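*Asks:* Sharing a structure below in structure tokens format, with a few things to ask.
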Amino acid sequence: MANDLETLKDETLAALKEARTHSEWDAVRVGTLGRSGKLTGLLRQLGSFPHEERKERGQALNRLRDELTGLIEQRGKEIEELALQQRLAEETVDVTQPPATAPIGLIHPVSRTIEEITTIFGAMDFHVAEGPDIESQWHNFSALNTPEHHPARTEQDTFYLPATGESEEMRVLRTQTSGVQIRTMLGEKPPIRIIAPGRTYRADHDATHSPMFHQCEGLVIEKGITLGHLKGCLTEFLRAFFNQPDLPVRFRASYFPFTEPSMEIDIGWSRETGVIGGGADWLEVLGAGMVHARVLSNCGLDPAEWQGFAFGMGIERLAMLKNGITDLRSFYESDLRWLRHYGFSSLSPATLTEGF
Ligand code: DAH
């Protein structure tokens, strides 16, 4: 090979070896094979060589071009691989480490409590149902066996909304989530197992009442459902929710228009210390009962064929008891000091086995 070709080859190899980045490598490639590259220049000058030298030099140049093209390509791949390795080394993520920037927000105790309730009932095969906050009187009262002049309609301090063009009747801000029972039975075929957490409204405001608060409804409709199922299900729920496998649970006869028999459910606690599970006192936490035959009929279900139980609980009340929160109003004051104290990390979701 002619001397100048040897030199070009050596220079190119040295430059390739030194190139560490894509742009350094590309500079070598263009400087050699590009339109004004060195090899291209030599090929162009071929015509000025005497005839007898031209053939041999032409072949040598072509060989050199093929050789250098191969070498440049190969080095290009090496550099790509190098860059990848470097990125992999630099960008490794240790998933066991906390995030460099911790999330600023915290989960509100109401949301957290809904999440805990949903987790527990979810494990018992319930799913979440929803209904509107603005409800017809029929869904909120009548279909739930609460007749026109029943005291519950005023007892619950209902917010009435003006009638709209569509209907002559005034609508209400739902006073309870129980209307979701009606909507579910009308919209789904049994067997049914739902909970319905959501906002409810009553014209009432003091340390333990807020005009807007949250309830969670529950409904089970299956064949052959008995009071025993109700007791088992709710005992299980309360023990899981309060993380106490031996939590005392008491079922006490009561009255609701939409259940027969109806009951209130108490858990054991100490009035003196406020400790849940210990002491000789009882604390009411839940309303429940066997779904009234008239409610089933109102939803087109034959009471001789289908039975079920329903329950309802106040979410803030459960959150207060579990987390030692004393004033209901604090839930809605948007006081960040309060939220920092009572809020929950978004990185530790509710689980079934928290306290067991
Ligand atoms: N809706 C009732 C309330 O707001 C709570 C309740 C009691 C719901 C018994 C139920 C039930 O489904 O069976 O006080």
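If you're matching positions, the sequence shown starts at 814 in this note's numbering and goes up one per residue.
We treat Cβ as the ideally placed atom computed from N, Cα and C, and that holds for glycine.
Because the structure is a prediction, the values reported are computed rather than measured.
(1) Any contact of the segment 998 to 1006 with the segment 972 to 989, i.e. 3+ C-beta pairs under 8 Å?
(2) With burial defined as no fewer than 16 other Cβ atoms inside 10 Å of the residue's Cβ, what is the status of residue 892: buried or exposed?
(3) Under the assumption that residue 852 contacts residue 877 (Cβ atoms under 8 Å), give the Cβ distance between them as a whole number of angstroms.
(4) Quick one: what's got a C-beta closer than 6 Å to residue 1168's C-beta in the same chain, skipping five residues either side?
(5) What is the rounded straight-line gap between the Cα of residue 1044 and the Cα of residue 986?
(6) Let me check you understand the geometry: is the CB of residue 924 closer than 8 Å to at least one non-hydrogen atom of the ligand DAH?
(7) Counting C-beta neighbours from all protein chains within 10 Å, is the total for residue 857 16 or more, i.e. buried, or is it exposed?
(8) Measuring straight from C-alpha to C-alpha, what distance separates residue 967 and residue 1143?
(9) Less than 7 Å between C-beta atoms, sequence neighbours within five positions excluded: which residues of the same chain meet that for residue 1122?
(10) Quick one: residues in its chain with C-beta nearer than 8 Å to the C-beta of residue 833, no 5 flanking neighbours on either side, listed in chain order?
(11) Are the beta-carbon atoms belonging to residue 920 and residue 1159 less than 9 Å from one another?
(12) Classify residue 821 as buried or exposed, calling it buried when 16 or more other Cβ atoms lie within 10 Å of its own Cβ.
(13) Using three-state DSSP, classify residue 1168 as helix, strand or coil.
(14) What residues are listed by DSSP as bridge partners for residue 1013?
(15) With a cut-off of 8 Å, do at least 3 Cβ pairs link the segment 1071 to 1089 to the segment 1112 to 1121?
(16) Tell me, which residues are paired with residue 1124 by DSSP?
(17) Can you tell me whether residue 1122 sits near the ligand DAH, meaning its C-beta is under 8 Å from at least one heavy atom of the ligand?
(18) The ligand DAH and residue 1011: does any heavy atom of the ligand fall closer than 8 Å to the residue's C-beta?
(19) Quick one: Cα of residue 827 to Cα of residue 912, how far?
(20) Just the C-alpha distance for residue 1023 and residue 1140, rounded to the nearest angstrom, thanks.
(21) Quick check on residue 857: does DSSP put it in helix, strand or coil?
(22) Taking the alpha-carbon of residue 1082 as reference, which of 1112, 1013, 1059 and 1036 has the nearest alpha-carbon?
(23) Assign residue 1133 to buried or exposed, taking buried as 16 or more other Cβ atoms, counted over all protein chains shown, within 10 Å of its Cβ.
*Replies:* Judging by the given coordinates:
(1) Output reads no: the segment 972 to 989 does not touch the segment 998 to 1006.
(2) buried
(3) 7 Å
(4) With a pLDDT of 43 at residue 1168, under the threshold of 50, the modelled position of this residue cannot be trusted; read the value that follows with caution. These residues qualify, in order along the chain: 1056.
(5) A direct Cα-Cα distance of roughly 31 Å separates residue 1044 from residue 986.
(6) no
(7) exposed
(8) 27 Å
(9) Within the same chain, residue 1122 has close Cβ partners 1033, 1038, 1042, 1043, 1101, 1102, 1103 and 1104.
(10) Here the set comprises 892 and 895.
(11) yes
(12) buried
(13) Model confidence at residue 1168 stands at a pLDDT of 43, short of 50, so the residue's coordinates are unreliable and nothing is read from them.
(14) By DSSP's assignment, residue 1013 forms a beta bridge with 1026.
(15) They do not touch, by the three-pair rule.
(16) Answer is 1031 and 1101, bridged to residue 1124.
(17) yes
(18) no
(19) 45 Å
(20) 10 Å
(21) helix
(22) 1059
(23) buried
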